[in-house]
Amino acid sequence: MSAVTITLNGDPFDVSGPLTISELLARLDIDARRVAVEHNLVVLKRTTFDGVVVREGDQVEIVNFVGGG
Amino acid sequence: MDSFTIAGKTFASRLIIGTGKYPSHAVMVRAHEASGADMVTVAVRRVNLVRGTKEESLLDYIDTSKYFLLPNTAGCYTVDDAVRTARLGREAGLSNWVKLEVIGDERTLFPDNEALVEATRVLVREGFVVLPYTSDDPVVCRKLEDAGAAAVMPLGAPIGSGLGIQNPNNIRIIREFSRVPVIVDAGVGTASDAAFAMELGADGVLMNTAIAGAQDPPAMAEAMKHAVLAGRLAYLAGRIPRKLYATASSPLEGLVGR
């Protein structure tokens, strides 16, 4: 494990890795059942969170539902 | 009441309401209950990484066994952003339905109809049930329908403006032209606006600010429930023709003193 820098929700983010999406969410204290994740512009199925690995330079977007019209 | 069906799914209420801009989650819950709606819109946004999702989230306040979630692509200005947001909404939510917005102008929030038609085409191909928010233009609505939209949602007036139905004749024409449900989305200010939209033949009305921004949102939600029901019944009942002069309601014979 070493530090990798990814772009997370538009900003640089340092994390020890490589790590899976599930591990990233756990590290961020985010409930995986409440969010959707895009990895390098591909929207992931929730069932793949354990398998997809985040590496140096990757782009990750984590979104959830908020109030809207 | 006659049933309201979009893409094979039947709803009890013809009123669809938002989840934004309420003074609190508790007020939103009471407004949702008072509205009788069974479909609510939600927006898709980046998670706040400082707070995470362990703190209270919107979904703690929406019983998804009672309310069907309709994720929107509000705030998107390009086909790509709208399509990305729709895909994320599908994974975050429980269905392949999307309220598709592609905005073309910041001040009016009017749709970019060209991009909207293109985004509709892309998402329909991916299996989405697409409900596009569109201008009150019968030609654009026809193009959206041809692109596979499950309903068309013409605006009554700009989003959040509360100006009411600005072009009733277009709404009437859109209803006449469309083979899919017509939902007036945006512009409602008060209950009479919702009733008017329904009297014009709209199959449903979608609103957020008119309820969330009212001084008493649950009371306004209840008013909207009745307005939509009243407007629908009046539309089905068939109104009398407009005439310039009076026609007496009481008999002209048998008057005392003649």
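Protein sequence lines, in the order shown, are assigned to chains A and B.
Mapping of the first sequence onto my numbering: residues 1114 to 1182, in sequence order.
Mapping of the second sequence onto my numbering: residues 488 to 745, in sequence order.
Note that the Cβ used here is the ideal one computed from N, Cα and C, for glycine as well.
- When C-beta atoms of the segment 682-689 of chain B are compared with those of the segment 513-520 of chain B, fewer than three pairs fall below 8 Å, so the two segments do not count as touching.
- The alpha-carbon of B:Ile727 is positioned some 29 Å away from that of B:Ser522.
- Contact annotation, B:Leu556 with B:Val715: C-beta distance approximately 20 Å; criterion of less than 8 Å not satisfied.
- In this structure, the beta-carbon distance from B:Asp525 to B:Lys553 falls below 8 Å.
- Annotation for B:Leu650: Ala644, Gly674 and Gly676 place their beta carbon closer than 7 Å to its own, counting only its chain and skipping 5 residues before and after.
- Going by C-alpha positions, B:Phe664 is about 10 Å away from B:Ile658.
- In this structure, B:Val585 sits near B:Gly576, with a CB-CB distance shorter than 8 Å.
- Per DSSP, the beta bridge partners of A:Pro1125 are A:Thr1120.
- If you ignore the 5 residues before and after A:Glu1151, its C-beta comes within less than 6 Å of the C-beta of Glu1174, all in its own chain and listed in chain order.
- Boundaries of the beta strand (DSSP E) around B:Tyr620: Val616 to Thr621.
- Close partners of B:Pro558 in chain A (Cβ separation under 9 Å): Phe1178 and Gly1181.
- Within the segment 499-579 of chain B, the runs of beta strand (DSSP E) at least 3 residues long that lie entirely inside it are, in chain order, 502-504, 526-533 and 555-558.
- Shown here for B:Pro641: same chain residues with a beta carbon closer than 6 Å to its own, the five before and five after excluded, namely Thr621, Asp623 and Ile661 in chain order.
- By the C-beta density criterion, A:Ala1116 is exposed, having fewer than 16 other C-beta atoms within 10 angstroms.
- What B:Ala579 touches in chain A, judged by beta-carbon distance under 8 Å, is Arg1147, Val1148, Ala1149, Val1176, Asn1177 and Phe1178, going in chain order.
- Excluding five sequence positions before and after B:Gly635, the CB atoms of its chain that fall closer than 6 Å to its own CB belong to Val611, given in chain order.
- By the Cβ rule, the segment 526-536 of chain B does not count as touching the segment 707-726 of chain B, because fewer than three pairs are nearer than 8 Å.
- Only those residues of the segment 690-711 of chain B whose C-beta falls short of 9 Å from the nearest C-beta of chain A are listed: Leu693, Met694, Asn695, Thr696 and Ala699.
- Every beta strand (DSSP E) stretch that sits fully inside the segment 632-689 of chain B and reaches 3 residues is listed by chain position as 670-672.
- Where B:Thr696 is concerned, the enclosing alpha helix (DSSP H) starts and stops at Thr696 to Ala699.
- In this chain, the alpha helix (DSSP H) harbouring B:Gly718 covers Pro704 to Ala724.
- Contact annotation, A:Ile1134 with A:Phe1126: C-beta distance approximately 14 Å; criterion of less than 8 Å not satisfied.
- Nearest CB-CB separation between B:Leu650 and chain A: not below the 8 Å threshold.
- For the options B:Pro704, B:Gly741, B:Ala573 and B:Val671, the alpha carbon positioned closest to that of B:Glu686 is the one of B:Val671.
- Within chain A, no residue has its CB atom less than 8 Å from the CB of B:Tyr554, the nearest being about 12 Å off.
- Note on geometry: alpha-carbon atoms of B:Val570 and B:Asn535 lie some 22 Å from one another.
- In the structure shown, A:Ile1134 adopts helical secondary structure according to DSSP, grouped into three states.
- When the five nearest sequence neighbours on each side are left out, the beta carbons in the same chain lying within less than 8 Å of the beta carbon of A:Phe1162 are those of Thr1133, Ile1134, Ser1135, Leu1138, Ala1145 and Val1150, in order along the chain.
- Across the segment 496-527 of chain B, CB contacts with chain A closer than 9 Å involve Ile504, Gly505, Thr506, Gly507, Lys508, Tyr509, His512 and Met515, in sequence order along the chain.
- When the beta-carbon positions are compared, B:Thr560 and B:Ala579 stay at least 8 Å from each other.
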